[in-house]
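Number of protein chains: 2
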Amino acid sequence: MSRFFSVIPVADAVTIVLGIAPQPVTEMVPVESASCRILATGVMADSDIPGFDRSVVDGYAVRAADTAGAGDAIPALLTCTGRISMGQPDGTLSLIPGTCAYIPTGGVLPAGADAVVMVEYTEEAGETVLVKKPAACGENVLLRDEDFKKGETVFSPGRRLSPQDAGVLAACGCGAVAVARKPVVGIISTGNELVPATVVPGPGQVRDANAPMLAAYLADYGCIPKVYGIVRDEKEAFEAVLKKAVPECDVVILSGGSSKDDRDMTAGTIAAMGAVLVHGIAIAPGKPTIVGRIEGKPVFGLPGHPASAFVVLIAIVRPLLDRMLSVRMPLQRTKQATLSVNIPSQRGREEYVRVLLDGSVATPLFGKSGLLNTLVRSSGLVRIPAGAEGLEQGCEVEVILW
Amino acid sequence: MSRFFSVIPVADAVTIVLGIAPQPVTEMVPVESASCRILATGVMADSDIPGFDRSVVDGYAVRAADTAGAGDAIPALLTCTGRISMGQPDGTLSLIPGTCAYIPTGGVLPAGADAVVMVEYTEEAGETVLVKKPAACGENVLLRDEDFKKGETVFSPGRRLSPQDAGVLAACGCGAVAVARKPVVGIISTGNELVPATVVPGPGQVRDANAPMLAAYLADYGCIPKVYGIVRDEKEAFEAVLKKAVPECDVVILSGGSSKDDRDMTAGTIAAMGAVLVHGIAIAPGKPTIVGRIEGKPVFGLPGHPASAFVVLIAIVRPLLDRMLSVRMPLQRTKQATLSVNIPSQRGREEYVRVLLDGSVATPLFGKSGLLNTLVRSSGLVRIPAGAEGLEQGCEVEVILW
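Sequences listed follow chains X and Z, in order. For reference, each letter of the first sequence is one residue, going 50 to 451 in the numbering used here. For reference, each letter of the second sequence is one residue, going 50 to 451 in the numbering used here.
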């Protein structure tokens, strides 16, 4: 299974990654907290919605036939025999021909009634109500089960729930709902040159930008990030942190090891503790990526440059998270845009180029690979497929928005 | 100040709402948790980034002049006088003409060197290194402060932070960052017909869908929702819950009161405890919306139908939240689309129509106003301005995505 030092296509790497994806696990969450979560099971209406014929306006419940031909000049005269109260249906009230009943919005249509006339088209005169407009049968009435029938499927599994969905789930009787459990993802930063954000870098040192970036991205993506801090480039240190992180997490991401020696040590440590499945992917930036497995858990070795780590995160790691979350549609905002200039690319590797969007015009931000400022200045990434020798000015591209 | 029963334009309502917006409040959060939060202050680089000239490849640090004219046939022969280690700059190492030093990616460029040759273009022969390609001055080197200069503004206030921003903030020395505090928004459901999701509705009863929907939306939007449950349509009950909620929250939202009597009681209670500023907005759905203020806190009365409540939430309440969060750009995903059919509308009111997107074609889902299923089936909303008599088939629209 070991694939040392042979660069493989992105699609092959993703296939390998999906092959080692842990099974999705389900948990129950209250519907108020279920927005953005992935529904694990289908949901059906547990009863008819609404459960009764309901007025959608303030007005008078009538028998439609009684209002035929009614108008301003010759109103229909109906006797008001009751007033409907919200939530308290009057079982004894039944409209006979020539009668009506006041009904508020949302009120239960009384027996005998088949329509509601809006209050604006009526006039009260003692116990008599003048109806100045004919009502069609069913007018201003939401029928029992018109929204959802008892037993009808309302949501399918794999749906990313919206706030509106939370409301509809409540209407279907769900106080809590089964969703994919958030994967716990361990984040380990490696490198003798790294110091935390709160330390002023000494000579030759740089601050660790990857751990906060990865943690923030993973939290946004519906995972629970677990940051293990900075580890020196030493085999013993790697082994110790992996021994701790692997049992505590569903997935572990190492980032760092920009030089070949460091990457080899990362791969060697993973191989010694489990297996290395991928070492090198035809992707730019991000070629020296490592995919392995320890005790059945996926372990990634991401490049040290934040921009490279980010590209590998969305191209290689995200498919694994989507599988673990049973996502049908990846959560990725994109925008169609037109390229302002040619982007050259090397055939045979998938390339991700940072672009700045101005309206729907995308302009690539070229720059040295280690720069952070293009991450801040750019709007997102454009993917150039491995089979292309670049993209031409004026062509339509999909920008993967930050 | 009181504006009872006079329907006012959306823009006027928003102006009134912004006029009562509480002042933004700031809090510190760790950068790992800062994604999606709104930056409250500008951030500058506390030091040069990087803090030293840095190699971006594995290779040999050289004096570029020494490699002039080098090629496969006639390589430049340089004496290797050292190896750079990560994070441990060797202050004594200085390249004199004719020498080079091994340098890993990210390593500190030694004194005297001005370029790096990738290891792929070199060959070791004992202490001599054969360089087979000329290096330009500065090649493969990230210069000190090339990314950010000390004191340079990296982020402006009002930015909604991304995961990449979290990484760059860490690089700038921010372990924590000042962001707008999440507004606490109270949610009160009103209506004698309402029961919670976990109760099977009896005759005339319906489940409360609004509270979970509003809570989920507000949480997604960066607020802290506080649900106060269902309150009966009685003045004493309203007063009691408002007396509790107003001091505990920054904003209070009542929803329910679909009938005129109930709305009048909501408005009357708010007026008695504070002031009603708006009662009726030229918006469809959502006309019977109430905006008031109690003890300096904004209080909204939203319609009972979930679809109507949602429209008022995004059109009227959201501008208030944006002001409280000091948001420069509202967080709203939209998509350009083409209308598949005409949508008629009444001039003089702003209308929001639910649409289904198929690629970039938007088709309106017409239906009775109380339906929940169109919330689930639709992709988003199309806004028809108050000045228009509808939108024509084939016209470009912006769909406000759920």
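Don't be surprised by glycine CBs; every beta carbon is placed ideally from N, CA and C. Just so we're clear, the structure is a prediction, and the values are computed from it rather than from any experiment.
- Under DSSP, serine 304/Z shares a beta bridge with Ser238/Z and Leu351/Z.
- Closest by C-alpha distance to glycine 224/Z, out of Ala246/X, Ala117/X, Ser211/X and Ile237/X, is Ala246/X.
- A distance below 8 angstroms separates the beta carbons of phenylalanine 197/X and isoleucine 98/X.
- Around proline 58/Z, the same chain offers Ala331 and Ala435 as residues with beta carbons nearer than 7 angstroms, after the five sequence neighbours per side are excluded.
- Straight-line spacing of the CA atoms in valine 180/X and valine 157/X works out to 20 angstroms.
- Interface annotation, glycine 278/X: not in contact with chain Z, CB-CB separation never under 8 angstroms.
- With respect to alanine 220/Z, glutamate 81/Z sits apart: the two C-beta atoms are not nearer than 8 angstroms.
- Neighbourhood of lysine 417/Z in chain X, by CB distance below 8 angstroms: Val105, Leu191 and Glu195, in chain order.
- Of the candidates Met373/Z, Arg396/Z, Asn391/Z and Arg377/Z, Met373/Z places its Cα closest to the Cα of lysine 231/Z.
- By the criterion of at least three beta-carbon pairs nearer than 8 angstroms, the segment 231-244 of chain Z is not in contact with the segment 398-413 of chain Z.
- Straight through space, the alpha carbons of threonine 130/X and serine 428/Z are spaced by roughly 44 angstroms.
- Boundaries around glycine 68/X are those of the alpha helix (DSSP H), 59-68, since no beta strand (DSSP E) includes it.
- For the 8 angstroms CB-CB criterion, valine 168/X and lysine 417/Z do not form a contact.
- Taking threonine 412/X as the centre and dropping the five residues before and after it, the same chain places the C-beta of Ser389, Val390, Val404 and Leu405 closer than 7 angstroms to its C-beta, in chain order.
- Excluding residues up to 5 positions away in sequence, Pro183 lie with their Cβ nearer than 6 angstroms to the Cβ of alanine 117/X in the same chain.
- Around the beta carbon of glutamate 173/X, a 10 Å sphere encloses fewer than 16 other beta carbons of the protein chains shown; the residue is thus reported as exposed.
- A straight line joining the alpha-carbon of threonine 141/X with that of alanine 150/X spans about 12 angstroms.
- The beta carbon of tryptophan 451/X sits closer than 6 angstroms to those of Gly429, all from its chain and outside the five residues before and after it, given in chain order.
- Proline 250/X has a beta carbon lying within less than 8 angstroms of a beta carbon in chain Z.
- DSSP places proline 79/X within a strand segment (E or B) once states are collapsed to three.
- For the segment 235-247 of chain X, the beta-carbon criterion of a distance under 8 angstroms to any beta-carbon of chain Z is satisfied by Gly240, Asn241, Glu242, Leu243, Pro245, Ala246 and Thr247.
- DSSP places arginine 377/Z outside both helix and strand once states are collapsed to three, so it counts as coil.
- Relative to proline 79/Z, the option among Pro73/Z, Leu88/Z and Ala268/Z whose CA is nearest is Leu88/Z.
- In the three-state DSSP reduction, proline 274/X falls in the strand class (E or B).
- Among the residues facing chain X, lysine 198/Z is not included, as its CB has no counterpart in that chain under 8 angstroms away.
- For the pair of segments examined, the segment 311-328 of chain Z was found not to touch the segment 257-268 of chain Z: the number of CB pairs separated by less than 8 angstroms stays below three.
- Across the structure, isoleucine 133/Z and alanine 437/X are spaced so that their CA atoms are roughly 38 angstroms apart.
- Residue-level contact check: asparagine 422/X touches chain Z, since one or more beta carbons of chain Z fall below 8 angstroms from its beta carbon.
- Shown here, glutamate 285/Z sits in a helix according to DSSP, grouped into three states.
- Contact of asparagine 259/X with chain Z is assigned, a C-beta pair being separated by under 8 angstroms.
- Three or more beta-carbon pairs separated by less than 8 angstroms link the segment 360-376 of chain X to the segment 266-279 of chain X, which places the two stretches in contact.
- Using a CB distance below 8 angstroms, the part of the segment 320-354 of chain X facing chain Z consists of Gly353, ordered along the chain.
- Counting other Cβ atoms within 10 Å of its Cβ, isoleucine 237/Z reaches 16 or more and is therefore classed as buried.
- Linking methionine 93/Z to isoleucine 302/X through their CA atoms gives a straight-line distance of about 29 angstroms.
- For proline 393/Z, the closest C-alpha among the options Glu283/Z, Asn422/Z and Glu441/Z is that of Glu441/Z.
- Counting the other CB atoms within 10 Å of its CB gives aspartate 371/Z a total of 16 or more, which places it among the buried residues.
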